[in-house]
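Q:
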Amino acid sequence: ETVIKKVDENNIDIDIIREMAEKIRNGETVIFPTETVYGLGANAMDEDAVKKIYLAKGRPSDNPLIVHIADIEEVDKIALEVGEKAKKAMENFWPGPLTIILKKKEIVPNVTSGGLSTVAIRMPSNKIANALIRESKTQIAAPSANISGRPSPTKAEHVVKEMSGRVSGIIMGGDCDFGLESTVVDFSDDKPMILRPGSITKEMLEEVLGEVSIDPSLSKKEDNIKAKAPGMKYKHYSPNAQVYIVKGGENNVITKMNELSRKNHAENKKTGIMCMSKDVDKFECDYVVDLGKDYNEVAANLFDALIKMDEAKMDIVYSVCFESCGVGQAIMNRLLKSAAYRIIDAN
Ligand code: TXA
Ligand code: MG
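In case it helps, the UniProt record's numbering puts the sequence shown at residues 2 to 348.
In structure tokens:
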């Protein structure tokens with residue numbers, strides 16, 4: 002049985018946090034909110050507990066987990082060498098949606114690091130997450146709290162629907178602020194490298210750290226077979242519907258989507274369209290989801306939009322395309338995966 006409790010981030014009920022923290026200490030799994038997406042947590046230092054995470058998600062166990070900490074001092078317990086650049090990044094972006102990869106100490110179990118010699122570390126800014134880690138008196142390993150391959154959960158209802166019965170506890174907080182998973186940056190070599198784009202953008206990192214590179218496999222059209230972050234190679238963010246990205250001039254895209262939608266309708270297939278707020282009235286299809294007014298809103302709404310398309314039982318989904326700069330890079334990274342790299346040119 003899953004114990005499900007609501008907690009208000011601005012008025013945290015510490016008794017609920019302690020009840021959930023006790024589960025973590027007892028080697029059980031607890032889902033909790035973070036500022037990026039909901040996480041499925043267990044004691045990062047307890048092998049058997051971490052195995053329960055993989056089981057609950059149906060996730061391959063060569064995929065390493067992020068170790069969540071409540072205090073910067075905890076880095077020294079789990080990482081071997083913390084260079085100047087890594088320190089700078091922590092000081093500037095923690096607590097927040099940045100994950101830092103460093104060489105790991107022995108104490109981190111291999112199941113947690115997916116057998117790698119490095120470990121991913123993140124200090125979340127969400128106050129519920131922080132309180133849970135603190136009260137657990139350990140570090141919490143946590144991937145996104147979805148079944149492997151599905152869109153990541155950004156609302157409490159998403160996890161209650163998908164994960165009830167699969168974990169010991171669920172803390173229902175509010176909606177996640179950023180809505181895309183943290184930026185993952187590898188600091189285990191001299192030059193920092195982005196392995197997964199997120200809300201902390203390349204531009205923001207470079208302002209503080211100087212040159213930062215991007216894992217070259219991220220810019221390839223095909224799926225990231227040789228991506229440096231093992232998790233990037235798996236099927237990801239896939240709703241039941243077939244997703245397509247439609248690119249081209251604004252009017253061409255609208256015309257093309259409506260044309261395709263009519264064709265689908267004739268074939269008895271339901272069509273959903275994801276677009277910016279200003280265009281919601283321009284489509285003839287079964288269901289339109291408003292992604293927001295700007296890129297930050299799109300990031301926060303993207304996974305929820307994909308989940309809504311499934312709830313509304315759409316067969317085919319078309320999304321507008323985004324520019325690959327700033328947070329748009331992270332949006333396109335997730336969208337391309339959910340679309341299995343299918344792009345339609347409307348021009
Ligand atoms: O925002 C987030 O990061 C969320 C919340 C819950 O904190 N967590 C999350 O975890 O997205 P997950 O497991 O879904 O993604 C972790 C990513 C994967 O792509 C994984 O392969 C990569 O980080 N990763 C973890 N440890 C690594 C390591 N030592 N070296 C390279 N990549 C690593
Ligand atoms: Mg994930």
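Just so it is clear, CB atoms sit at the ideal spot from N, CA and C, and this is done for glycine as well. Keep in mind that this is a model prediction, so the values were computed, not measured.
1) Just checking A87 against the ligand TXA - is the residue's beta carbon closer than 6 Å to any of the ligand's heavy atoms?
2) Taking its Cβ as the centre, do 16 or more other Cβ atoms sit within 10 Å of E92, making it buried, or is it exposed?
3) Short of 7 Å in beta carbon distance, which residues of its chain neighbour W95, apart from the five on each side in sequence? Order them along the chain.
4) Whose C-alpha, out of M194, E48 and I308, is nearest the C-alpha of G180?
5) Kindly indicate the opening and closing residues of the beta strand (DSSP E) around N44.
6) Identify whether A121 lies in helix, strand or coil by the three-state DSSP scheme.
7) State the Cα-Cα distance for the pair D47 and V161, rounded to the nearest angstrom.
8) What are the start and end residues of the beta strand (DSSP E) that includes L99?
9) In angstroms, rounded to a whole number, what distance separates the CA positions of A87 and E208?
10) Along the chain, where does the alpha helix (DSSP H) that runs through L303 open and close?
11) Which residue from E82, G28, F304 and P34 puts its Cα closest to that of S239?
12) Report the residue ranges of all beta strand (DSSP E) runs contained in full by the region 173-217; include only those spanning at least 3 residues, in chain order.
13) How far does the beta strand (DSSP E) with M275 in it reach, from first residue to last?
14) Any heavy atom of the ligand MG closer than 6 Å to the CB of P144?
15) Out of A45, G59 and K294, state which residue places its alpha-carbon closest to the alpha-carbon of E107.
16) Under three-state DSSP, which class holds Y342?
17) Please tell me whether K53 and T30 are closer than 7 Å, where the distance is taken between their beta carbons.
18) Among the residues of its own chain, which have a CB less than 7 Å from the CB of D176, if the five just before and after it don't count?
19) Does the count of Cβ pairs from the region 109-116 and the region 59-72 closer than 8 Å reach three?
20) Going by Cα to Cα distance, which pick from I246, F284 and H266 is closest to T256?
21) Compute the Euclidean distance between the alpha carbons of Y326 and H237, then round it to the nearest angstrom.
22) Tell me which residue opens and which closes the beta strand (DSSP E) that I73 is part of.
23) By alpha-carbon positions, which one of A300, A341 and E312 ends up nearest to F323?
24) Using the Cα positions of S320 and C276, report the straight-line distance between them to the nearest angstrom.
25) Assuming I79 and V120 are in contact, meaning their beta carbons sit under 8 Å apart, how far apart are those beta carbons, in whole angstroms?
26) Kindly indicate which residue of I25, F33, A22 and G28 has the alpha-carbon position closest to the one of K7.
27) Check whether the Cβ atoms of K279 and S149 sit closer than 7 Å, and answer yes or no.
28) L206 and V213 look like a contact to me (Cβ under 8 Å); what is the Cβ gap, rounded to whole Å?
29) Is the beta carbon of A121 within less than 6 Å of some heavy atom of the ligand TXA?
30) Quick one: what does DSSP say H237 is sitting in, helix, strand or coil?
A: According to the structure data:
1) no
2) exposed
3) I73 and M124
4) I308
5) G40 to N44
6) strand
7) 25 Å
8) L99 to K104
9) 14 Å
10) Y296 to E312
11) F304
12) 184-187 and 194-197
13) T272 to C276
14) yes
15) A45
16) coil
17) yes
18) T155 and K156
19) yes
20) F284
21) Sequence check: residue 326 is Cys here, not Tyr. Cα to Cα, the separation comes out at about 21 Å.
22) Taken as a continuous stretch (DSSP letters only), I73 belongs to no beta strand (DSSP E), as it is neither H nor E.
23) A300
24) 6 Å
25) 6 Å
26) F33
27) no
28) 5 Å
29) yes
30) coil
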